[in-house]
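Numbering (our numbering), first residue to last: 102 to 183. The beta carbon of each residue, even a glycine, is placed where N, CA and C say it ideally should be. The structure appears below as structure tokens.
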């Protein structure tokens with residue numbers, strides 16, 4: 102049985118590489134923000150992985166695992182974007 106949280110989250114659109122404008126270069130400020138966001142998300146992978154391993158409540162574990170999946174997806178997308 103899927104929770105309402107999962108149903109709600111599945112409706113949120115994600116940014117895909119084909120939606121970005123690759124002809125424009127990032128400014129220094131944008132590059133800095135992207136780097137800070139990447140570092141924050143890689144740290145979040147460590148924290149969320151720990152939480153997922155140790156969570157006892159099924160619903161909390163489901164939410165943490167979903168957040169972990171989104172974070173991994175974002176980090177992968179960021180690394181694959183030139």
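Return helix, strand or coil for residue i, following the three-state DSSP convention.
i, result
"residue 138", "helix"
"residue 177", "helix"
"residue 127", "coil"
"residue 156", "coil"
Can you tell me whether residue i is buried or exposed? The criterion is at least 16 other CB atoms within 10 Å of its CB, across all chains shown.
i, result
"residue 164", "buried"
"residue 127", "exposed"
"residue 172", "buried"
"residue 135", "exposed"
Counting only the same chain and skipping the five closest in sequence on each side, list residues whose C-beta sits under 8 Å from that of residue i.
i, result
"residue 243", "Because the chain spans 102 through 183 in this model, residue 243 falls outside it and cannot be assessed."
"residue 146", "169, 172, 173 and 176"
Please look up how many angstroms separate the CB atoms of residue i and residue j, rounded, as I've assumed it's under 8 Å.
i, j, result
"residue 142", "residue 175", "6 Å"
"residue 137", "residue 149", "Rounded, the Cβ-Cβ distance is 18 Å, inconsistent with contact."
I'd like the list of long-range same chain contacts for residue i, defined as Cβ closer than 7 Å, with 5 residues on each side in sequence excluded.
i, result
"residue 180", "none"
"residue 139", "176 and 179"
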